[in-house]
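My numbering applies: residue 22 is where the sequence shown begins, and numbers increase by one. Even glycine gets a Cβ: it sits at the ideal position worked out from N, Cα and C. The model shown is predicted, which means the values in this text are computed figures rather than measured ones.
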Amino acid sequence: MTSTPIAKPQAQMGAMPVLGLLGSMLSVQIGAAFAKGLFPVLGPEGTTMLRLAIGALMLGAVLRPWKVLPSRRNLPWLAAYGITVCAMNLLFYAALQRIPLGICVALEFTGPLFVATLGSRRLLDLVWVGLAIAGVVLLSPFAGISRGLDPLGVALALAAGACWGLYIIFAQKAGAELGVRTSAYGMAIAAVLALPFGFGAAQPYLGDPHIMAGAAVVGLFSSALPFYLEMLVLARMPAKVYGMLVCLEPAGAALTGFLFLAEKLNLLQCAGVAAVIVAAFGTAVAARRPAPSPT
22 MTSTPIAKPQ
32 AQMGAMPVLG
42 LLGSMLSVQI
52 GAAFAKGLFP
62 VLGPEGTTML
72 RLAIGALMLG
82 AVLRPWKVLP
92 SRRNLPWLAA
102 YGITVCAMNL
112 LFYAALQRIP
122 LGICVALEFT
132 GPLFVATLGS
142 RRLLDLVWVG
152 LAIAGVVLLS
162 PFAGISRGLD
172 PLGVALALAA
182 GACWGLYIIF
192 AQKAGAELGV
202 RTSAYGMAIA
212 AVLALPFGFG
222 AAQPYLGDPH
232 IMAGAAVVGL
242 FSSALPFYLE
252 MLVLARMPAK
262 VYGMLVCLEP
272 AGAALTGFLF
282 LAEKLNLLQC
292 AGVAAVIVAA
302 FGTAVAARRP
312 APSPT
């Protein structure tokens with residue numbers, strides 16, 4: 022059985038990878054809003070552990086990863102992928118407990134932005150990156166609209182962003198052999214790694230049907246569905262293009278925070294949303310053009 026190949030950077034992208042990535046981002050933000058409601062009971066660590074464990078079970082049932090075993094050569098990439106999945110989720114939820122969803126995602130987004138600049142040979146790419154950075158700044162505490170933010174929350178969100186950037190790279194490396202099954206293996210590895218951090222907080226509630234139902238919703242929307250969609254996307258989309266298209270992530274987070282958590286946007290935040298959307302679509306259009314010769 023052959024795995025889904027990772028697309029070459031010059032391959033033409035259709036509409037489905039873009040739609041899949043948008044669906045993944047929307048799913049993650051809805052799941053994050055539900056997860057924040059579990060923090061008073063489970064804490065961010067317990068919520069993360071249950072999210073990853075339930076997501077791993079869901080992906081395992083759908084993808085049946087045991088049918089395609091990883092080669093010894095691919096094990097280091099797969100392990101690195103699982104480690105970054107675990108670290109990214111633990112850090113993000115710890116930050117989300119302390120700062121609003123929209124700002125948390127905007128700060129975390131620095132990781133994919135860095136990936137988006139790697140290997141760029143177009144001046145226009147740097148223009149889109151600059152516009153996206155401006156939008157992220159407007160959605161962040163540096164805009165002067167969110168004074169009093171927890172400094173630890175800001176630091177945790179930035180650390181989650183670094184893990185997100187590494188996740189993009191490791192997902193493509195591991196996915197070259199395993200395709201979409203990489204997400205099932207990575208989620209299982211991440212769930213095991215999260216056990217020491219979250220089991221103590223979650224253990225008293227494992228028999229509570231209401232808490233477990235909420236955790237199942239979080240596992241579906243925050244882990245199983247988006248990770249499956251992202252592996253499909255990363256198999257057909259260069260890492261640089263992926264990194265720029267997820268410029269929409271802070272916008273989706275800000276909107277979800279408003280709809281589900283009553284976190285309102287002001288004029289500067291709306292300007293930030295517009296900036297990242299323009300940058301994302303500008304990069305998607307530019308990605309269809311051939312890169313200029315380096316000579």
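Taking a cut-off of 8 Å for Cβ pairs, the stretch 244-252 and the stretch 58-68 do not touch, as fewer than three such pairs fall below it. Setting aside the 5 residues that flank it on each side, residue 112 is surrounded in the same chain by 177, 178, 180, 181 and 184, each with a C-beta closer than 8 Å to its C-beta; the list follows chain order. Two segments are said to touch when three or more pairs of C-beta atoms, one from each, lie closer than 8 Å; by this definition the stretch 79-87 touches the stretch 198-215.
Nearest in C-alpha terms to residue 51, of all of 294, 281, 295 and 191, is 281. Shown here for residue 191: same chain residues with a beta carbon closer than 8 Å to its own, the five before and five after excluded, namely 98, 101, 102 and 105 in chain order.
For residue 244 and residue 146, the gap between their C-alpha atoms comes out near 30 Å.
Residue 48 is not a Cβ neighbour of residue 276, given a cutoff of 7 Å. Taking C-beta atoms as the reference points, residue 278 and residue 284 count as a pair closer than 7 Å.
One Cα belongs to residue 108, the other to residue 189, and the distance between them is close to 13 Å. Rounded to whole angstroms, the gap between the alpha carbons of residue 92 and residue 241 is 28 Å. The residue from 79, 62, 201 and 171 with its alpha-carbon nearest to that of residue 220 is 62. Rounded to whole angstroms, the separation of the alpha carbons of residue 127 and residue 46 is 13 Å. The three-state reading of DSSP puts residue 146 in helix, counting H, G and I together.
Looking only at 94, 149, 150 and 158, the smallest Cα-Cα distance to residue 125 is reached by 158.
Setting aside the 5 residues that flank it on each side, residue 186 is surrounded in the same chain by 132, 133, 135 and 136, each with a C-beta closer than 7 Å to its C-beta; the list follows chain order. Here the alpha carbon of residue 55 sits roughly 15 Å from the alpha carbon of residue 76.
When the five nearest sequence neighbours on each side are left out, the beta carbons in the same chain lying within less than 6 Å of the beta carbon of residue 296 are those of 152, 155 and 156, in order along the chain.
Scanning 229, 43 and 89 for the CA closest to the CA of residue 197 turns up 89. Comparing C-alpha distances from residue 81 to each of 234, 70, 116 and 209 shows the shortest one belongs to 209. The beta-carbon distance between residue 42 and residue 299, rounded to whole angstroms, is 17 Å. This is too long to meet the 8 Å contact definition. Spanning the alpha carbons of residue 235 and residue 175 requires a straight line of approximately 26 Å.
A Cβ-Cβ distance of about 5 Å is found for the pair residue 211 and residue 73, placing them in contact under the 8 Å criterion.
Sequence-distant partners of residue 286 (beyond 5 residues in either direction) whose C-beta falls short of 7 Å from its own C-beta, in its chain, are 275 and 279. Linking residue 36 to residue 291 through their CA atoms gives a straight-line distance of about 26 Å.
One alpha carbon belongs to residue 263, the other to residue 226, and they sit about 37 Å apart. Assignment of residue 267 by DSSP, reduced to helix, strand and coil, places it in the coil class.
The shortest C-alpha to C-alpha distance from residue 115 to any of 70, 233 and 150 is the one to 70.
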